[in-house]
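Residue numbers (the working numbering): 1189 to 1429. C-beta: ideal position from N, C-alpha, C; glycine also. Data first, discussion second: the structure below is written as structure tokens.
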């Protein structure tokens, strides 16, 4: 269930199938914490409605965009930067998830999930969290380092003026995004686990994330994992013990 809130979460829905759209409308009407402000089955109407309403959450069916969903998500966030985009998808492959997150979406959820899971996802991204299916976490991490190149991101999705990380911070971020725990990173780099945790806390603060998976999704937007930063040696002098 969506947790109680003094202010209703204002939702804009873009869904290609009428029956699903009707079901969503009925779902939101039953819950006091959310309010459906508009719905559409057109991507162009979605842009106009986003500009008109500046919704808290945009629930967007990826099928509306054909293969241009990354560009469309980035455009929505240009129109209404404070809005959170929750992608609604039939797809469950790593490239869809990666491109969705990298374009700026706050979450992605399968249409196969029950309605209470959708409500939880809406509440989560509204409170600043990232929402994803746990069973794709490993795929997301692995895909960051897949030698097969990903599709080029739209320019709007790439972040300018990235926070500066030292080489040691980049190295730790790289290992964290491969799925290593703080203990495993400390063993590999021959430093204390406390040092790793301190470094991770500093990295999270600089980049503006709270969790390891959020780091993995956001770091590539800053090109932190260029090869030149991965082949150097770790310098303990850069750490705070």
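Local conformation of residue i per DSSP, three classes
i            : result
residue 1189 : A caution first: residue 1189 carries a pLDDT of 38, below 50, which makes its placement in the model too unreliable to give a value.
residue 1294 : coil
residue 1272 : strand
residue 1277 : strand
residue 1231 : helix
residue 1201 : strand
Residue i and residue j closer than 7 Å at C-beta
i            : j            : result
residue 1199 : residue 1215 : no
residue 1274 : residue 1245 : yes
residue 1384 : residue 1391 : no
residue 1231 : residue 1252 : yes
residue 1362 : residue 1413 : yes
residue 1261 : residue 1291 : yes
residue 1296 : residue 1271 : no
residue 1397 : residue 1403 : yes
residue 1394 : residue 1351 : yes
Residue burial classification, residue i (beta-carbon count within 10 angstroms, cutoff 16)
i            : result
residue 1249 : buried
residue 1258 : buried
residue 1399 : exposed
residue 1210 : exposed
residue 1364 : buried
residue 1448 : An answer regarding residue 1448 cannot be provided, because it is not within the stretch 1189 to 1429 covered by the chain.
residue 1356 : buried
residue 1378 : exposed
Spatial neighbours of residue i in its chain, beta-carbon cut-off 7 Å, leaving aside the 5 residues before and after
i            : result
residue 1237 : 1200, 1226 and 1228
residue 1303 : 1215
Anticipated Cβ contact below 8 Å, residue i with residue j, distance rounded
i            : j            : result
residue 1294 : residue 1310 : Going by Cβ atoms, the distance from residue 1294 to residue 1310 rounds to 10 Å, so no, they are not a contact pair.
residue 1235 : residue 1263 : 7 Å
residue 1202 : residue 1247 : 7 Å
Close beta carbons around residue i, own chain, < 6 Å, minus the five adjacent residues each side
i            : result
residue 1205 : none
residue 1371 : 1381
residue 1242 : 1268
Cβ shell of residue i (< 8 Å), same chain only, five flanking positions each side left out
i            : result
residue 1217 : 1224
residue 1197 : 1190, 1221, 1222, 1223, 1244, 1245, 1310, 1311 and 1314
residue 1305 : 1297
residue 1368 : 1376
residue 1411 : 1350
residue 1195 : none
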